[in-house]
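Quick note: the sequence shown uses the UniProt record's numbering, first residue 1, plus one each step.
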Amino acid sequence: MKKESNISGQLKDFESSEVFQLLLNFFRATPVNSCLVAYSGGLDSHVLLHALATLQQHSVDRPSIRAIHIDHGLQLVSGAWSMHCEAVCVELNIEFEAISLDLQVPAGSSVEAVARHARYAVFEQHLRPDEVLLTAHHQNDQAETLLLNLLRGSGPEGLAAMPVSRPFANTQLLRPLLDVSRAQLTAYAVEHQLKWIDDPSNESLAFDRNYLRHEVLPKFRERWVATDKLLARAAQWQSEAVELQNDLLADRLQHVQGTQAGTVSVSALLEGSVVLRKALLRQWIKGAGFSSPSVKKLQHILSDVLPAKPDAQPCVAWAGCEVRRYRDDLYVLEPLSAHDSQQSLYWEAPYDDYWIESLGLVLEKSSLEALLPQLIDSDEPLEIRFRQGGEKVLLRGIHVSLKQLLQDKAVPPWRRDRLPLVYTGQQLIMIPGLFVLSTGDLLM
1 MKKESNISGQ LKDFESSEVF QLLLNFFRAT PVNSCLVAYS GGLDSHVLLH ALATLQQHSV
61 DRPSIRAIHI DHGLQLVSGA WSMHCEAVCV ELNIEFEAIS LDLQVPAGSS VEAVARHARY
121 AVFEQHLRPD EVLLTAHHQN DQAETLLLNL LRGSGPEGLA AMPVSRPFAN TQLLRPLLDV
181 SRAQLTAYAV EHQLKWIDDP SNESLAFDRN YLRHEVLPKF RERWVATDKL LARAAQWQSE
241 AVELQNDLLA DRLQHVQGTQ AGTVSVSALL EGSVVLRKAL LRQWIKGAGF SSPSVKKLQH
301 ILSDVLPAKP DAQPCVAWAG CEVRRYRDDL YVLEPLSAHD SQQSLYWEAP YDDYWIESLG
361 LVLEKSSLEA LLPQLIDSDE PLEIRFRQGG EKVLLRGIHV SLKQLLQDKA VPPWRRDRLP
421 LVYTGQQLIM IPGLFVLSTG DLLM
């Protein structure tokens, strides 16, 4: 295998390269001090890595570069690919790491999707705090992604295809080659005598992307020569439209806030058009960190949850998410885990932070010290129970039904049996976040 061409002493030649100039302009606009390159060994990522190594020598700031290669174990020769990638990085003087995976693909699942999910999980684990992740997606990839999403019936965000940058693992994922065509990358690789890996799976027409790449897009280009550039431009226009829409919706969400933190008001939503309701609901759910509902699930929210009676408790659920209603407030939350409300737990002295596994909740010693400091020197265990019905609290000298208190404070029904009731003996002394006996204060 030929060695990489000597990158030192050839900066003038590189400066005339279209790829190098586009990359240089990208990093002038988006300064990066340290990066992790997703390096498959294929044409695209090889060109990116080679050009970055050149840029590192050319740059006064000398950004640090690491490369990571993921061996999915899906090809018999994948071990040789890892060795090739390591050799390239040694030649370019770039720190290298190879990670081997043992992929388990469930029946009926997409191999591509499972591999992608596993790959990005590894990237997240191996990114250092000061690094950004760089991938080598280019203009032709962008065109393919737009068409794939169009054929899947995607909405505005899907038709924006891949963003140049997006948040990822507490840092950023950048795609500096999105304005570079595959032809430009090939020309760069040939000019600099690069040797890259050709993955045979990229030729299989069983995969939708490959079918578009090899069968559909060539026909488009016969009629419209600039197909890839025009599709990438359309994705960029769509991306800007989505950004504008998100800004406008963020402002509108301020006007439909519910009475409780993180909720939206049903009555306020109903004042707008159906189209606006859909957009606001998607924006609200996405902003809370959940996946968007399908068209069918969103319609259930519109037709079953919003018009429900205030005392009803409708719920629409999908993977990792639930939308519930209580009174005029709409809640979005993780699915409720199994919880035994009949159990009793004991918080032993010296009252270190106590984890209630079924609720994913921590009772903090610092809160106990602040609210009931007289208990800290006690060696008596505190009992944690859950609502059974009939409990009362002493509120400023008056016994009040716990049920009435929870209703008055608009605690949703699905939370009531999950509130930890802290007892000393038979005396209810605290409901974290709601009530403490010593002062009779409501903490909500």
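Note that the Cβ used here is the ideal one computed from N, Cα and C, for glycine as well.
Point to revise | Cβ pair residue 70, residue 99 closer than 8 Å | key: Going by C-beta atoms, residue 70 is nearer than 8 Å to residue 99.
Review point. Which first and last residues belong to the alpha helix (DSSP H) in which residue 38 is found?
Key: Not the alpha helix (DSSP H): residue 38 falls in the beta strand (DSSP E), residues 34-38.
Review point. Name the DSSP beta bridge partners of residue 315, please?
Key: In the DSSP secondary-structure assignment, residue 315 is bridged to 324.
Exercise for review: Report yes if the CB atom of residue 133 is closer than 8 Å to the CB atom of residue 168, and no otherwise.
Suggested key: In this structure, the beta-carbon distance from residue 133 to residue 168 falls below 8 Å.
Review point. Mind checking whether residue 418 and residue 345 have CB atoms under 8 Å apart?
Key: Not in contact: residue 418 and residue 345 (Cβ atoms no closer than 8 Å).
Check your understanding: Got a sec: does the ligand PLP put a non-hydrogen atom nearer than 7 Å to the Cβ of residue 24?
Key -> This structure simply doesn't include the ligand PLP, nor any ligand for that matter.
**Study point:** Proximity below 8 Å, CB of residue 295 to CB of residue 304
**Key:** No, the pair does not count as a contact, with Cβ atoms beyond the cut-off.
Point to revise | the segment 134-143 touching the segment 168-183, judged by at least three CB pairs closer than 8 Å | key: Judged by pairs of C-beta atoms under 8 Å, the segment 134-143 touches the segment 168-183, as three or more such pairs exist.
Review point. Can you tell me whether residue 94 is buried or exposed, with buried defined as 16 or more other CB within 10 angstroms of its CB?
Key: With 16 or more other Cβ atoms from the protein chains shown falling within 10 Å of its own Cβ, residue 94 counts as buried.
Check your understanding: Does the beta-carbon of residue 255 have 16 or more other beta-carbons within 10 angstroms, so that it is buried, or is it exposed?
Key -> Residue environment for residue 255: exposed (fewer than 16 other C-beta atoms within 10 angstroms of its C-beta).
**Study point:** Proximal residues to residue 46 (C-beta, below 6 Å), its chain only, five neighbours per side dropped
**Key:** Answer for residue 46: 194, 196, listed in chain order.
Review point. With burial defined as no fewer than 16 other Cβ atoms inside 10 Å of the residue's Cβ, what is the status of residue 204: buried or exposed?
Key: With fewer than 16 other Cβ atoms within 10 Å, it is exposed.
Check your understanding: Given 8 Å as the limit, is there contact between the segment 99-110 and the segment 143-163, that is, 3 or more CB pairs closer than that?
Key -> Taking 8 Å as the limit for Cβ pairs, the verdict is that the segment 143-163 does not touch the segment 99-110.
**Study point:** Whole runs of the alpha helix (DSSP H) within the segment 166-239, excluding any shorter than 4 residues
**Key:** Complete alpha helix (DSSP H) runs here, min 4: 182-191, 208-211, 217-223.
Review point. Are residue 49 and residue 67 touching if we call contact CB-CB under 8 Å?
Key: In contact: residue 49 and residue 67 (Cβ atoms closer than 8 Å).
**Study point:** Option nearest residue 388 by Cα separation, candidates 19, 275, 153, 342
**Key:** Residue 388 has its Cα closest to that of 342, out of 19, 275, 153, 342.
Review point. Tell me which same chain residues have a C-beta within less than 8 Å of the C-beta of residue 181, skipping the five on either side of it?
Key: Taken in chain order, the residues that qualify are 138, 139, 140, 228, 229.
Review point. Does the beta-carbon of residue 299 have 16 or more other beta-carbons within 10 angstroms, so that it is buried, or is it exposed?
Key: Residue 299 should be labelled exposed.
Exercise for review: For the alpha helix (DSSP H) containing residue 113, list its first residue and its last residue.
Suggested key: Residues 111-126.
Check your understanding: How would you label residue 83, buried or exposed, when you count the other beta carbons within 10 angstroms and need 16 or more for buried?
Key -> With fewer than 16 other Cβ atoms from the protein chains shown falling within 10 Å of its own Cβ, residue 83 counts as exposed.
**Study point:** Under 8 Å between C-beta atoms of residue 412 and residue 351
**Key:** It is not a contact, given that the beta carbons lie outside the stated cut-off.
Practice item. Tell me residue 26's beta-bridge partners as DSSP assigns them. Key: DSSP output for residue 26 lists no bridge partner at all.
Check your understanding: Are the segment 241-261 and the segment 281-294 touching by the rule of at least three beta carbon pairs closer than 8 Å?
Key -> With a cut-off of 8 Å, the segment 281-294 and the segment 241-261 count as touching, because enough Cβ pairs lie within range.
Check your understanding: From which residue to which residue does the alpha helix (DSSP H) around residue 342 run?
Key -> Premise fails: residue 342 is in no alpha helix (DSSP H) and is neither H nor E.
Review point. Excluding the five sequence neighbours on either side, which residues of its own chain have a C-beta within less than 8 Å of the C-beta of residue 245, listed in chain order?
Key: Within the same chain, residue 245 has close Cβ partners 156, 279.
Practice item. Identify the continuous beta strand (DSSP E) that holds residue 67 and give its terminal residues. Key: Bounds of the beta strand (DSSP E) holding residue 67 are 64-71.
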